[in-house]
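Below: the structure, in C-alpha cells.
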Amino acid sequence: MAASFDLKNDGVVVIIGSGAGGGTLGNELAQKGIDVVILEAGARHEYEDFINDEWDSFAQLAWKDKRTTSGDWRVAKDFPNLPAWIVKSVGGSTTHWAGASLRFQEHEFKTASTYGKLEGANLLDWPITLAEMEPYYAKAEAKMGVTGTNDWPRLPGNNNFKVLKAGADKLGYKECHTGNMAINSVERDDRNSCQQTGFCFQGCKWGAKWSTLYTEIPKGEATGHLEVRPNAMAIKINHDASGKVTGVVYADKDGKLQEQKARIVAVAGNSIESPRLLLNSQSAKFPHGLANSSGQVGKNYMRHTTGSVYAIFDKPVHMYRGTTMAGIIRDEARHDPSRGFVGGYEFETLSLGLPFMAAFLNPGGWGRSFTTALDHYDHMAGLWIVGEDMPREENRIMLHADEKDEHGMPIADVHFDDHPNDTAMRNHAYKQASALYDAVGATRTFPTPPYPSTHNLGTNRMSGKAEHGVVNKHGQTHDIKNLFVSDGSQFTTGAAENPTLTIVSLAIRQADYIAAQMSAKTI
Amino acid sequence: MVTIYDGKPGLSRRELLKRGSIGALLVISGSAVISPEQAWGLETSALKPETMATLIQMARDIYPHDQVPDKYYAIAVKGHHETAAKDPAHKELIEKGIAELDKKAGKGGYRGLGWEEQRVALLTEIEKAPFFQAVRGGLVVSLYNQKEVWPIFGYEGESYSKGGYIARGFSDIEWL
Ligand SMILES: Cc1cc2nc3c(=O)[nH]c(=O)nc-3n(C[C@H](O)[C@H](O)[C@H](O)COP(=O)(O)OP(=O)(O)OC[C@H]3O[C@@H](n4cnc5c(N)ncnc54)[C@H](O)[C@@H]3O)c2cc1C
Ligand code: SF4
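This is how it looks when you write it as C-alpha cells:
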C-alpha cells in the first residue's frame, strides 16, 4: 500500500518531480526499503483518464504556467510564453513522450576530447563512460520493455514508417528500422501491447507505452515505502547552518505552504524547473542559489537540434495511424566533421494530428501556401530531426526579474541562441530529409521549424571538477552532500539520441549510490 | 467567396431559414448572420452583424480551404463575438480593425472586393497588427480543432474507442 509520511519525518528522501528521473529514482529507492516522498506539482490522472484529442490532452497534462523567452530561436517569437512542451502531472513528461529509447554512443560521453575546441561551445567530457553506463542501460531497457532488446520484437511499421524506409533505401541509408521503443510489442509487465492508436503524445490509453505513472510509481507504492503527493509545487529547499539541506517548502493543493523535512533531497523537475528551484533557494549562506558555487546552475541549456520535414505525395499515406514515432534512420548519428558540423543526428518518423499540424507546420503562416499543405493532410508523411546541440553558457534558465507565479516564485526566463554548429546540422538534415522524400516521389516538402522544446537538458550539468559543473558522476551536487539532481538537467552534453533512456539509467545508478551512502552513513 | 445578402430588417430568422431560395450563403438580418441554405444562424449581439460577416470572409481569406463550407468559418470566429460581449477592449479591437479594413478597401468595403488576391493584399498590409494577429491566432485553434472539419481533411482522430488502428489500416499503404 502507498505510504503516507509525516511532514516532520526527517528520515525520508524527498524527490521533486515524478517523471522519468524522479519516478524511477523513487521506485528504485523504495524497492531497497528506503522511505521516499515524491512532491509532484501536477495532478494524478490515470491512463484511462487520458484524452485522445491534441488540445484537450494538452490542457489536461501540459505544463502551462507562464515562462518568458529570449534569443534567436523561432520559438521565442512564435511561442514566447511556451518555450517547452512538457508535462505537469504525475508521471511527468513520460505521459507525453513517444518512447524512443536509444543508448548514447561512446564518443558522446567525450565530446570535448572528440570534437576539440569549438568557439562559443562550452563542451566538456562526461565524468562517466559508456562502459560504466552499459549495465544500467541494460537494466533500464529491461524495466521499460524496449523493443529490439531482450528478445522483444520491434513494432510493426506503419504507413509513415514505410515511406521513410522506402526513402532510406533509395538514399542508401543502411540502419533504418522501427526503432528501440519503450512500447510493448507483446503483452508484458501486466500491460497491453501496442494497438497502433496513434496518440502516444497524448498519453497511451492502453498503457502499452512505458510511463512512470503506471509502472514505477505503483510498483514503488506497493512496497509501502513510497508516497507520491500530487498538487505539491516545491518552491524552496531549506538548509541548516552547516549547509546540509533539511527540507522542502511546497505549496499544497490549496496553495498553502508546507515544509516536508528530509534526510536527502533529489531534484527532478526537468531542466527548466530544477535550476529554477535551486536558484530560488538562495540564502545568506548561498546567495547565488543552492549548489551554485560554479555559477553553472541554469546554464548550458540544451534542447537538441531539432526540426521536422513533412512531405506531400500524390497518393494517400495516413501517417497519423499507428505509433507516433514509428521508425528511425541512424546513419547520420555518427560524428563526421566532413559534413560541416560536429556530432550527429537521428531521423525519426513523427506525425501530428490536424489541429497540431495547423499550429506547428509554419507557426504564424497563413494564406494558400499554408492551407494547400493542410489540404493534403492525408497524403503527408513526416519525420523529426533530433541531433546534438552545443552547450552554451549564454543559453540559460534565469529567474525573471519581476514576474512571479501564483505562489510568489519568480517565473522562469529561458534564453536560447543556436550555435552555428546547430544551424549547419539542421540545414544538412533538412536537405537530406527532403531528398529522401523526393526520392519516393514527394510533390512538395516542408522544412518545419523546431517545436517548443520536448527535450530539455544540461542546466545542472555533471562534471569531474566542481568548478565546471553542478553535480558529480552520481548526480550528487558538488557543494551539498545530501542534495542530488536526478533528471536530464544533469547531462554534460546532449548526444544525438532522445534522452529518456539515459535519464532512467542514471536514476537507477543514482539509487544504488544513494543507498550505499546511506548505509555507510555518509549522508 | 462568401456571398452575403443584407436582408431587410423585419424578416424573421425563421422565415429566412425557410427561404432557402434566397440564394445567398449568408444573410444579415437584424442581429443575426444566417445561412438559409445550410440552415444555421449566428446571433450577434456584441459585434455588429456586418462585422461578423466580414470576419467570416476574412477567416476564409486567411485560411482558405475551398472544400470547407462557410459554416465552419462562422463557428471559428464566433468566439470574438463572445469575447467582445464581455470585454469592451476586444470589441473595439475587432470593430476598429474591420472598419479600417473596409476603409482601405474603398467603396464597397472589404467584402466588396471580388478577388481573393485583392483582399489578401489588404490583409498582408496589416499582417503584423494586433487585430490581424488576434483573428489569425484564434483561428488556428478554432477552425482546425472542430471535429466536424477533420474528415474533410482525411483526419480520423481518436481511435481508442474503435480498438486503435491495428486492424484499421495502420500499414495499408500500397503504392510504394
Ligand atoms: C511530446 C513529447 C515526446 C517525447 N518523446 C520522447 C522520446 O520518444 N524519447 C525520449 O527519450 N524522450 C522523449 N521526450 C522527452 C521526455 O519526456 C523527457 O526527456 C523526460 O520525461 C524528462 O524526464 P525528467 O525526469 O527530466 O522530467 P519530466 O518527465 O518532465 O518530469 C518532471 C516532473 O516534475 C514536476 N515538477 C517540476 N517542477 C516541480 C516543482 N517545483 N515541484 C513539484 N514538481 C515539479 C513536473 O510537473 C513533472 O511532472 C518527449 C517529450 C515530449 C513532451
Ligand atoms: S500507438 Fe501504441 S503506444 Fe502509442 S498510444 Fe497507441 S497503443 Fe499506445
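One line per chain: the protein sequences are A and B, in this order. All residue numbers for the first sequence refer to our numbering, where the first residue is 1 and numbers rise by one. All residue numbers for the second sequence refer to our numbering, where the first residue is 1001 and numbers rise by one. Here a beta-carbon is modelled for each residue, glycine too, at the ideal position from N, C-alpha and C. Please read these numbers as outputs of a predicted model, since none were measured by experiment.
{"Asked": "Meets three-Cβ-pair contact criterion under 8 Å: the stretch 328–337 of chain A and the stretch 304–318 of chain A", "Found": "no"}
{"Asked": "Option in Arg188(A), Lys64(A), Thr197(A), Asn472(A) with minimal Cα separation from Tyr1165(B)", "Found": "Thr197(A)"}
{"Asked": "Beta-carbon contacts of Phe104(A) that lie in its chain and below 7 Å, excluding the five residues immediately before and after", "Found": "Leu130, Ala495, Glu497, Thr502"}
{"Asked": "At least three beta-carbon pairs within less than 8 Å, the stretch 87–94 of chain A to the stretch 211–229 of chain A", "Found": "yes"}
{"Asked": "Rounded separation between Gly116(A) and Ala429(A) - CA only", "Found": "23 Å"}
{"Asked": "Residue-chain proximity (Leu61(A), chain B), Cβ-Cβ < 8 Å", "Found": "no"}
{"Asked": "Reference Lys299(A); option with closest CA among Ile312(A), Leu278(A), Pro127(A)", "Found": "Leu278(A)"}
{"Asked": "Residue-chain proximity (Gly1041(B), chain A), Cβ-Cβ < 8 Å", "Found": "no"}
{"Asked": "Any chain B beta carbon closer than 8 Å to His45(A)", "Found": "no"}
{"Asked": "Alpha helix (DSSP H) runs contained entirely in the stretch 364–404 of chain A, provided each spans 4 or more residues", "Found": "368–375"}
{"Asked": "Residues that Met409(A) bridges to, as DSSP identifies them", "Found": "Met409(A) pairs with nothing; no bridge assigned."}
{"Asked": "Within 8 Å, strictly: CB atoms of Asn160(A) and Asn456(A)", "Found": "no"}
{"Asked": "Nearest residue (CA-CA) to Tyr1160(B), options Gly145(A), Asn184(A), Gln195(A)", "Found": "Gln195(A)"}
{"Asked": "9 Å Cβ cut-off: residues of chain B touching Val163(A)", "Found": "Ile1173, Leu1176"}
{"Asked": "Distance cut-off 7 Å: Cys176(A) Cβ against heavy atoms of ligand 2", "Found": "no"}
{"Asked": "Below-8 Å beta-carbon distance, Phe1170(B) vs any chain A residue", "Found": "yes"}
{"Asked": "Cβ neighbours of Lys139(A) in the same chain (closer than 6 Å, five flanking residues each side left out)", "Found": "Ile508"}
{"Asked": "Integer-rounded CB distance, given that Ala84(A) should sit under 8 Å from Ser434(A)", "Found": "Going by Cβ atoms, the distance from Ser434(A) to Ala84(A) rounds to 27 Å, so no, they are not a contact pair."}
{"Asked": "Inter-residue Cα distance where the pair is Ser1031(B) and Asp65(A)", "Found": "39 Å"}
{"Asked": "Closer than 7 Å: Met302(A) CB and nearest ligand 1 heavy atom", "Found": "no"}
{"Asked": "Chain A contacts from the stretch 1109–1131 of chain B (Cβ-Cβ distance under 9 Å)", "Found": "Glu1116, Val1120, Leu1123, Thr1124, Glu1127"}
{"Asked": "Chain A residues whose Cβ lies nearer than 7 Å to that of Gly1079(B)", "Found": "The contacting residues do not exist; Gly1079(B) stays about 14 Å from chain A at best."}
{"Asked": "Counted within 10 angstroms of its Cβ, other Cβ atoms place Leu350(A) as buried (16 or more) or exposed", "Found": "buried"}
{"Asked": "Helix, strand or coil at His455(A) according to DSSP, with G and I counted as helix", "Found": "coil"}
{"Asked": "DSSP bridge partner residues for Glu216(A) (one or two, in chain order)", "Found": "In the DSSP output, where bridge partners are listed per residue, Glu216(A) has none listed."}
{"Asked": "Assumed close pair Ser486(A), Met133(A) - CB separation to whole angstroms, cut-off 8 Å", "Found": "With a Cβ gap of about 15 Å, Ser486(A) and Met133(A) do not count as contacting."}
{"Asked": "DSSP three-state assignment for Gln517(A), whether helix, strand or coil", "Found": "helix"}
{"Asked": "Asp378(A): contacting residues in chain B (beta-carbon distance under 8 Å)", "Found": "Phe1153, Gly1154, Tyr1155"}
{"Asked": "Among Glu406(A), Thr445(A), Leu352(A), Phe416(A), nearest to Asp53(A) - alpha-carbon criterion", "Found": "Leu352(A)"}
{"Asked": "Beta carbon proximity, Pro1069(B) to chain A, threshold 8 Å", "Found": "no"}
{"Asked": "Identity of the residues DSSP links to Phe347(A) by a beta bridge", "Found": "Ile329(A), Ile385(A)"}
{"Asked": "Proximity to Ser113(A) [Cα-Cα], best of Pro127(A), Arg276(A), Leu102(A)", "Found": "Pro127(A)"}
{"Asked": "Proximity test, Met233(A) beta-carbon vs ligand 1 heavy atom, cut-off 7 Å", "Found": "yes"}
{"Asked": "Inter-residue Cα distance where the pair is Val440(A) and Ile1173(B)", "Found": "13 Å"}
{"Asked": "Beta-carbon proximity of Asp35(A) to Ala3(A), cut-off 8 Å", "Found": "yes"}
{"Asked": "Partner residues on chain B for Arg263(A), Cβ-Cβ distance less than 7 Å", "Found": "Near Arg263(A) there are no residues of chain B at all, since even the closest Cβ is about 43 Å away, more than 7 Å."}
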